[in-house]
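Report on the following structure.
In the UniProt record's numbering, the protein residues as written are 1 to 203.
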């Protein structure tokens, strides 16, 4: 489990695609997140939970990306030298600064616009209507692994405000309109809908 508090911006150093191109193996530089990493650990890469498969000992780690993950996330867009948000899994007893983030991407959104303020940016992100139902004003959403508070929501988009720290310490500081981002809605909303629907309360 993660909290959506990005620890560092890493860099994709290499991508190896499988024989048919449907899967990939990433080499990512992230000196902080690998400082205490072990084989089999989970690291969030721009909101996608990936398993560490190799640790060369030079500040990088390898992770395999399955076809399902590539199809359902914006990791399909990354290339060599692409920046990515990195976060280690939450340790037992760790500080819980964001919200419950599983690293299981629900869909891909698109940055529609960004309006710079005196010290922040207001960003509008488009999403599929089937995901918008889980997004609530003043609720939480993970955007490329970043825990953010929703400022407003429509049937096709939502807004977030990015404080200076988010602008400086995550990839959202430089993404322009048209860029795709990974979205993970609040898992509590999904479980609530599931429980109500199976109980016949929600149809």
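Note that beta-carbon positions come from the ideal geometry of N, C-alpha and C, so glycine has one too.
Suppose contacts are defined by Cβ-Cβ distances below 8 Å. Is residue i in contact with residue j by that definition?
| i | j | result |
| --- | --- | --- |
| residue 182 | residue 48 | yes |
| residue 206 | residue 9 | There is simply no residue 206 to check, as the chain begins at 1 and stops at 203 in what is shown. |
| residue 187 | residue 102 | yes |
| residue 29 | residue 16 | no |
| residue 13 | residue 86 | no |
| residue 153 | residue 132 | yes |
| residue 162 | residue 175 | no |
| residue 112 | residue 73 | no |
Does DSSP put residue i in a helix, a strand or coil?
| i | result |
| --- | --- |
| residue 286 | Because the chain spans 1 through 203 in this model, residue 286 falls outside it and cannot be assessed. |
| residue 50 | strand |
| residue 269 | In the structure displayed, the chain extends from 1 to 203; residue 269 sits before or after that span and is not available. |
| residue 75 | helix |
Could you name the residues of the same chain whose beta carbon sits closer than 6 Å to that of residue i, not counting the 5 residues immediately before and after it, in chain order?
| i | result |
| --- | --- |
| residue 100 | 187 |
| residue 44 | 2, 87, 103 and 145 |
For residue i, which residues of its own chain have a beta-carbon under 8 Å away from its beta-carbon, when the five flanking residues on both sides are left out?
| i | result |
| --- | --- |
| residue 79 | 12 and 15 |
Whether or not the region 114–124 and the region 47–67 are in contact is what I'm after, with contact meaning three or more pairs of Cβ atoms, one per stretch, closer than 8 Å; do they touch? no
Just list the beta strand (DSSP E) runs in the UniProt repeat "Lumazine-binding" (100–196), keeping only unbroken ones of 3 residues or longer that don't cross its boundaries, in chain order. 107–116, 121–126, 140–143, 146–153, 157–162 and 180–185
Can you check the region 5–34 for any beta strand (DSSP E) of at least 3 residues that lies completely inside it and give the ranges in chain order? 8–17 and 24–29
So, do the region 90–97 and the region 125–137 have three or more beta carbon pairs nearer to each other than 8 Å? no
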